[in-house]
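Position in the sequence shown (first residue = 1) + 180 = this note's numbering.
Every residue gets a Cβ at the ideal spot worked out from N, C-alpha and C, and that includes glycine.
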Amino acid sequence: MNQGNWPNVPSAARLPTPGSSQPQQFPNFSIPHPPGQQQQHSQGQYLETQEQAKTRFEIECEFVQSLANPHYLNYLAQRGYFKEATFVRYLKYLCYFKEPNYARTLKYPQALTFLDLLQKAEFREAIASANNAKFIEDQMLLQWHYYLRKRQRLSKYTSSFKDSSPEDEDEDDVEGNGQTSSEPLSNAKSESTEEQMEDEDYPAPTPEENNDEDDVTRDE
């Protein structure tokens, strides 16, 4: 994260010098606003140093990533954290992690999904049940298990589709055309032979041929 996004460092005149009688005053942690919004400081509020802002951001990032564990959400719900208005506002404030510049710092992106769900009172009440937390965990494991299979299957289909060349498709088309053309040719030949047999005139048998046929049948 760029240092330009951190609040300005207070001048040395505002900080107590070593050995002075002035008691040491710790600055209050101001809430960083999402990009595009102006940060307003009320009178009497101490500014936050860049080092303190960096430390606070690391803590908030760690907390947002812990929301990816449904059992941790169940732990918070059973202890009544989600019923406190201050904590609910804090969850709403953490939505600045959905910005691309902040989302890329998360190791578990599914935490943003749970952060959105925690904005709803129905989910905050439902996650107090251990059975619901277990069900969500099972669904996450199934998604991770079958997601890899789906990707491997999809990559297999795409690779086989790329390997098939256009020449193979042309050969298949030629073979298909040959099969379709051979059928009408055979039908045409059979029809022509039948027509020839019908058109031919055979001579009538003579009386002698008929007598010979009768003798043959008698001998049999």
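- By the beta-carbon neighbour count (other beta carbons within 10 angstroms, threshold 16), I316 is buried.
- Judged by DSSP secondary structure, Q232 falls within the alpha helix (DSSP H) whose first and last residues are 230-246.
- Taking S246 as the centre and dropping the five residues before and after it, the same chain places the C-beta of Y252, A291 closer than 8 Å to its C-beta, in chain order.
- When R304, K234, F277, K336 are compared, the shortest CA-CA separation from Y261 is found for R304.
- Secondary structure note for F277: it is in no alpha helix (DSSP H), with a DSSP letter that is neither H nor E.
- Between V244 and L274, the CB-CB gap stays under 7 Å.
- Just measuring C-alpha positions, the residue of Y276, A257, Q232 sitting nearest A306 is A257.
- Inside the region 300-343, DSSP marks no whole beta strand (DSSP E) run of 3 or more residues.
- The C-beta separation of A313 from P250 comes to about 4 Å, placing the pair in contact by the 8 Å criterion.
- By the neighbour-count criterion, in which 16 or more other beta carbons inside 10 Å mark a residue as buried, Y337 falls on the exposed side.
- Secondary structure of Y288 (DSSP, three-state): coil.
- If you ignore the 5 residues before and after A310, its C-beta comes within less than 7 Å of the C-beta of N254, all in its own chain and listed in chain order.
- Following the DSSP letters along the chain, one finds N254 inside the alpha helix (DSSP H) bounded by residues 250-258.
- Between Y288 and A233, the C-beta spacing is not below 7 Å.
- A direct Cα-Cα distance of roughly 42 Å separates R331 from E264.
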